[in-house]
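Taking it in order: structure first as structure tokens, then the write-up.
Printed below as a string of structure tokens:
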């Protein structure tokens, strides 16, 4: 197991006073692991030089040892490598105090992090990360993107993981390079398989196809595994929405989220990578004692569907899908926290005063779930809720299971 090791001391400390401790630590760790690095850092410029000498992206885990307090600022920079991290602290020179601060910074960014204070704990933590390597790598190395901006009404959105940002200006460049005939061909099969086309005419369907192809080419060029898009911003310029494109991508196995919400995208990525299934992202439209209604203008095109307009604008191409009955999980991620509830899909509704796809979920004590959840958008997936909760816990989330 290859382990990157980095020490931190404050700008006020004398590095020579810690030379023996550094040497002993590396010697002991090298008996069990392939150690790389061993740098002693004081300031951010030291971090920059360290990056040039060792590629920490290639290690299996990182050990950060704050030898003194005042080292949080430089050691936190190692979060960028998204490698499982063990923070080692000792009882002197405010080492443990700094370690606790660093650990929380890493956890907020969903980097698996453990604080230890002796060699046996350190070894056990590193071996535990080695056992989880396949699972953690699937999660930590995911490449996701945001096209446009996070919708401004998502006032609880908090996201600290790295992602690739693609401006709407760049998106429009891709869109303009897609012709009308290409756009039509992209959605022809979807149109032919629809049970009914209610509002959209050919022009709207062509625009939907052009949006789909523009995004597909972005995903290829930027090497993204999933994306979210600030969809409402397209309405003013194009008179169209990406609802149909999102439905198509999710059916194809590419996680695609609405409204620029990265937390929902992350949840979709987890479901796809670990369960091989899509997730339906929706608004909480209503609830009672034992039910919740989830609604949105898109859904994976894996079931029966009608093509509608987008609900709020009356423009573009939305999807009214008929989700099958069955047991599943309803969940919400925000930052390092997650809520998961066991549900049963009971029925689909067809109110003209809600987003187009509307699904009725049976859930025990629905008001308690609503009271404890973390914001509006939720994901529905046909998976076991306890398995999902266990996985999210392994990945470093603080999970509430209902």
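In the working numbering, the protein residues as written are 69 to 470. Glycine included, C-beta positions come from ideal geometry on N, C-alpha and C.
> Under the DSSP definition of a beta bridge, which residues are partnered with residue 181?
Replying inline: 153
>> According to DSSP, simplified to helix, strand and coil, what is residue 134?
In response: strand
> residue 122 and residue 70 look like a contact to me (Cβ under 8 Å); what is the Cβ gap, rounded to whole Å?
Replying inline: Actually they do not touch by this definition, with Cβ atoms about 10 Å apart.
>> Can you look up residue 305 in the DSSP assignment and give me helix, strand or coil?
In response: helix
>> Please report the distance separating the alpha-carbon of residue 74 from that of residue 301.
In response: 44 Å
> Among all the DSSP beta bridges, which residues are the ones paired with residue 405?
Replying inline: 402 and 466
> Fully enclosed by the stretch 355–387, which alpha helix (DSSP H) runs are 4 residues long or longer?
Replying inline: none
> How many Å lie between residue 323 and residue 371 at the Cα?
Replying inline: 17 Å
> Where do the ends of the beta strand (DSSP E) carrying residue 425 lie?
Replying inline: 425–430
> Are the Cβ atoms of residue 157 and residue 215 separated by less than 8 Å?
Replying inline: no
> Does the distance from the CB of residue 319 to the CB of residue 369 come in under 8 Å?
Replying inline: yes
>> Quick check: the Cα distance between residue 109 and residue 245, rounded to an integer number of angstroms?
In response: 48 Å
> Who pairs with residue 208 in a beta bridge, going by DSSP?
Replying inline: None, per the DSSP bridge assignment.
> Which runs of the alpha helix (DSSP H) spanning at least 4 residues fall entirely within the stretch 239–272, listed in chain order?
Replying inline: 248–261
> Is residue 330 closer than 8 Å to residue 232 when the C-beta atoms are compared?
Replying inline: no
> What is the residue span of the alpha helix (DSSP H) that residue 449 lies within?
Replying inline: Element bounds for residue 449: not the alpha helix (DSSP H) but the beta strand (DSSP E), 446–449.
> By a C-beta neighbour count over all protein chains shown, 10 Å radius and 16 as the cutoff for buried, is residue 96 buried or exposed?
Replying inline: exposed
> So what does residue 330 bridge to, in DSSP terms?
Replying inline: In DSSP, residue 330 forms no bridge with anything.
> Which residue's Cα is closest to the Cα of residue 101: 129, 112 and 462?
Replying inline: 129
> chain D beta carbons: is any one of them nearer than 8 Å to that of residue 414?
Replying inline: Absent from the structure: chain D. Only one protein chain is present.
>> For the pair the stretch 250–258 and the stretch 271–280, tell me if three or more CB-CB distances fall below 8 Å.
In response: yes
> If we ignore side chains and look at the alpha-carbon of each, how far apart do residue 386 and residue 425 end up?
Replying inline: 9 Å
>> Please report the distance separating the alpha-carbon of residue 402 from that of residue 445.
In response: 10 Å
> If you run the structure through DSSP and keep just helix, strand and coil, what is residue 69?
Replying inline: coil
>> I need the boundaries of the alpha helix (DSSP H) containing residue 114, first residue and last residue.
In response: 112–121
> Taking Cβ positions, are residue 132 and residue 118 nearer each other than 8 Å?
Replying inline: no
>> Excluding the 5 residues flanking residue 72 on each side, which residues of the same chain have their C-beta closer than 6 Å to its C-beta?
In response: 104, 105, 124, 127 and 130
> Looking at C-beta atoms only, is the number of pairs between the stretch 160–170 and the stretch 188–198 that lie closer than 8 Å three or more?
Replying inline: no
> In terms of residues, what are the limits of the alpha helix (DSSP H) holding residue 90?
Replying inline: 87–98
> Roughly how many whole angstroms lie between the Cα atoms of residue 348 and residue 161?
Replying inline: 51 Å
>> Rounding to the nearest angstrom, what Cα-Cα distance links residue 453 and residue 422 in this structure?
In response: 27 Å
>> Which of the three DSSP states is assigned to residue 460 in this structure?
In response: helix
>> Residues in the same chain with beta-carbon distance under 7 Å from residue 267, minus the five sequence neighbours each way, listed in chain order, please.
In response: 376 and 377
> Can you name, in chain order, every residue of its own chain whose Cβ lies under 6 Å from the Cβ of residue 149, other than the five neighbours on each side?
Replying inline: 124 and 125
> Could you check where the beta strand (DSSP E) with residue 146 kicks off and where it finishes?
Replying inline: Careful: residue 146 lies outside any beta strand (DSSP E) and carries neither H nor E.
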